[in-house]
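Residue numbers (my numbering): -16 to 281. Positions of the beta carbon are idealized from the N, C-alpha and C atoms, including for glycine.
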Amino acid sequence: MNVHHLELFYYVAKHGGISAAVRKIPYGIQQPAVSGQVGKLEKDLGVRLFERSPFRLTAAGERLFDHVQPFFEGLAPLAAELQEAAGPELRIGGAEMVLRDHLPGVMRRLRTRFPKLKLSLRTLGFQAEAETWLRNGHADVVFAPVYAKAPAGLKQTRFASVPLMLQVPLKSPLKSAAELWARKKITEPLICLPASTGITRDFFATLQKRGVTWRNVIEVTSLDLVTRYVANGDGIGLNVLVNPKAKSREVRLLPLAGFAPVTMGALWRGEPSPLVQAAIDSVRAYAQATWPDWVCGE
-16 MNVHHLELFY
-6 YVAKHGGISA
4 AVRKIPYGIQ
14 QPAVSGQVGK
24 LEKDLGVRLF
34 ERSPFRLTAA
44 GERLFDHVQP
54 FFEGLAPLAA
64 ELQEAAGPEL
74 RIGGAEMVLR
84 DHLPGVMRRL
94 RTRFPKLKLS
104 LRTLGFQAEA
114 ETWLRNGHAD
124 VVFAPVYAKA
134 PAGLKQTRFA
144 SVPLMLQVPL
154 KSPLKSAAEL
164 WARKKITEPL
174 ICLPASTGIT
184 RDFFATLQKR
194 GVTWRNVIEV
204 TSLDLVTRYV
214 ANGDGIGLNV
224 LVNPKAKSRE
234 VRLLPLAGFA
244 PVTMGALWRG
254 EPSPLVQAAI
264 DSVRAYAQAT
274 WPDWVCGE
């Protein structure tokens, strides 16, 4: 018997049907795939394991479920025991700015609860990269922008909605973003994340509604690079106000009234381990203390 087929049958039997199982399986898989692979298990065994509508396990299905249930339900506790014996490890993904400026204090407090904690930090480039890391098991949790709906197969929570802003060089004559919108066609280069990212995509959607055209674009791979290029005099930057108390000696900030904020949150796969949940709770507490006016519900 194929072990993966047995795992899918376990979820179907436990949750009372294929459609219910798809919502509970802790990784992305579509209903036709589950149906086909469980059907293959039945074909290999030469028996019918359950009636489809209404759902009911057959005698053979009940016997098989009794056999596989203890194994699959024992995997998570076993993993926790093995990790505890070796020292827990937490693999975190996030934007360089988040990992550098915001996580160190959070992780120090987390270490008081998990003294043997091993940390692995990975700098995030784009949202799709975060999703790949989580699905492939290369990260346990990612702290990054989140959107209205979690990506397929993943779960998310929201911490705070952080305003967008424009950055201009210190010597720029611009006093407000409204001066730019009045032109309708902006010629200065816009320094921003790639057009495929949610931050840039939403910004341009709002510009379009206002009838403003901004075609001269320089795409960079991180928000830190946005600030660096603006300070160097290469254009106007689109960034996120992640530190409202910071005073920059290199750029000035222009608020963006009427533009949707960026919602910062956490992404993970499946049921969070106690360690992942503790990290999420710690970052939430940090967000509430750092951005009290921008906190949003889970």
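message = Would the stretch 6 to 22 count as touching the stretch 50 to 66 if we require 3 or more Cβ pairs under 8 Å?
response = no
Burial state of GLN150 (16 or more Cβ within 10 Å) = Position 167 of the sequence shown holds residue 150. Burial call: buried.
query = So, do the stretch 126 to 139 and the stretch 250 to 257 have three or more beta carbon pairs nearer to each other than 8 Å?
reply = yes
key: Within the stretch 92 to 157, ranges of the beta strand (DSSP E) (whole runs, at least 3 residues)   = 101 to 106, 124 to 128, 138 to 145 and 147 to 152
inquiry  = What does the alpha-carbon distance come out to for the pair LEU147 and TYR(-6)?
reply    = Here residue 147 is taken as the residue at index 164 of the sequence shown, counted from 1. Here residue -6 is taken as the residue at index 11 of the sequence shown, counted from 1. Using only the alpha carbons, I get a separation of about 43 Å.
key: Span separating the alpha-carbon of ALA240 from that of ASN222   = What you label residue 240 is simply residue 257 of the sequence shown in a count that begins at 1. What you label residue 222 is simply residue 239 of the sequence shown in a count that begins at 1. Their Cα atoms are separated by approximately 14 Å.
ask   = Which residue comes first and which comes last in the beta strand (DSSP E) that contains GLY77?
value = Taking the first residue of the sequence shown as position 1, residue 77 is located at position 94. 72 to 77 is the span of the beta strand (DSSP E), which, as asked, contains GLY77.
message = Nearest by alpha-carbon distance to THR246: which of VAL209, ALA143, ASP264 and GLU171 is it?
response = Working through the sequence shown from its first residue, we reach residue 246 at position 263. Among VAL209, ALA143, ASP264 and GLU171, the Cα nearest to that of THR246 is on ALA143.
query = Hey, GLY(-1) and ARG35: beta-carbon distance below 9 Å or not?
reply = On the sequence shown, position 16 is the one that residue -1 refers to. On the sequence shown, position 52 is the one that residue 35 refers to. Not a contact, by the Cβ cut-off of 9 Å.
request  = Compare the Cα-Cα distances from GLU286 to each of VAL225, LEU237, PHE186 and LEU173 and report the closest residue.
outcome  = For the chain, the structure presents residues -16 to 281; residue 286 sits outside this window and is missing.
inquiry  = I'd like to check one pair, VAL124 with LEU73: are the Cβ atoms closer than 9 Å?
reply    = Taking the sequence shown and counting its residues from 1, one reaches residue 73 at position 90. Taking the sequence shown and counting its residues from 1, one reaches residue 124 at position 141. Closer than 9 Å, so yes.
inquiry  = With the cut-off set at 9 Å, would you say VAL145 and SER265 are in Cβ contact?
reply    = Numbered from its first residue, the sequence shown carries residue 145 at position 162. Numbered from its first residue, the sequence shown carries residue 265 at position 282. Their beta carbons are not under 9 Å apart, which means VAL145 does not touch SER265 by this criterion.
query = Alpha carbon to alpha carbon, what distance is there between ALA62 and ARG193?
reply = The sequence position of residue 193 within the sequence shown is 210, counting from 1. The sequence position of residue 62 within the sequence shown is 79, counting from 1. Distance between the alpha carbons of ARG193 and ALA62: 53 Å.
inquiry  = Looking at the secondary structure, which residues open and close the beta strand (DSSP E) in which THR246 lies?
reply    = Against the sequence shown, residue 246 aligns to sequence position 263. Its beta strand (DSSP E) spans residues 245 to 251.
task = Would you kindly work out how many angstroms separate the C-alpha atoms of PRO172 and THR196, rounded to a whole number?
result = Along the sequence shown, one-based indexing puts residue 172 at 189. Along the sequence shown, one-based indexing puts residue 196 at 213. Distance between the alpha carbons of PRO172 and THR196 is about 12 Å.
query = In whole angstroms, what is the alpha-carbon distance linking ALA187 and PRO60?
reply = The residue labelled residue 187 in the question sits at position 204 within the sequence shown. The residue labelled residue 60 in the question sits at position 77 within the sequence shown. Correcting the residue type first, residue 187 is Phe in the shown sequence and not Ala. PHE187 and PRO60: Cα-Cα distance of roughly 47 Å.
task = Rounded to whole angstroms, what's the CA-CA distance from PHE242 to THR180? Just pull it up for me.
result = By one-based count along the sequence shown, residue 242 stands at place 259. By one-based count along the sequence shown, residue 180 stands at place 197. Taking the straight line joining both Cα atoms gives about 16 Å.
4-residue-minimum alpha helix (DSSP H) runs that sit fully inside the stretch -2 to 78, ordered along the chain = 1 to 7, 14 to 28, 42 to 56 and 58 to 69
query = CA-CA distance, THR210 and ILE174?
reply = To locate residue 210, count along the sequence shown from 1; it is residue 227. To locate residue 174, count along the sequence shown from 1; it is residue 191. For THR210 and ILE174, the distance between alpha carbons rounds to 9 Å.
query = Roughly how many whole angstroms lie between the Cα atoms of ALA131 and ASP185?
reply = Here the question's residue 131 lines up with position 148 in the sequence shown. Here the question's residue 185 lines up with position 202 in the sequence shown. Approximately 13 Å between the Cα atoms of the pair.
request  = Please name the residue or residues paired with ARG235 in a DSSP beta bridge.
outcome  = The sequence position of residue 235 within the sequence shown is 252, counting from 1. Answer is VAL151.
ask   = Given THR115, which residues of its chain have a CB within under 6 Å of its CB, disregarding the five upstream and five downstream residues?
value = For this step, residue 115 is matched to residue 132 along the sequence shown. There are no such residues.
task = Let me know the secondary structure DSSP gives LEU221 once reduced to three states.
result = Reading the sequence shown from its first residue, position 238 is the one you call residue 221. Here LEU221 sits in strand by DSSP.
inquiry  = So for LEU183, helix, strand or coil by DSSP?
reply    = Residue mapping note: residue 183 aligns to position 200 of the sequence shown, counting from 1. Here residue 183 is Thr; the residue named in the question, Leu, does not match the sequence. It is helical.
ask   = Assuming LEU93 and ALA261 make a contact with CB atoms under 8 Å, what is their CB distance in whole Å?
value = Your numbering for residue 93 matches position 110 in the sequence shown. Your numbering for residue 261 matches position 278 in the sequence shown. LEU93 to ALA261, Cβ: 6 Å. Contact.
message = According to DSSP, is LYS168 part of a helix, a strand, or is it coil?
response = Position 185 of the sequence shown, counting from 1, holds the residue named residue 168. Looking at LYS168 - three-state DSSP - the assignment turns out to be strand.
request  = Count the other CB atoms, across all protein chains shown, that sit within 10 Å of the CB of PRO129; report buried if there are 16 or more and exposed otherwise.
outcome  = Locating residue 129 in the sequence shown gives position 146, counting from the first residue. Sequence check: residue 129 is Val here, not Pro. Its Cβ being crowded by 16 or more others within 10 Å, VAL129 is buried.
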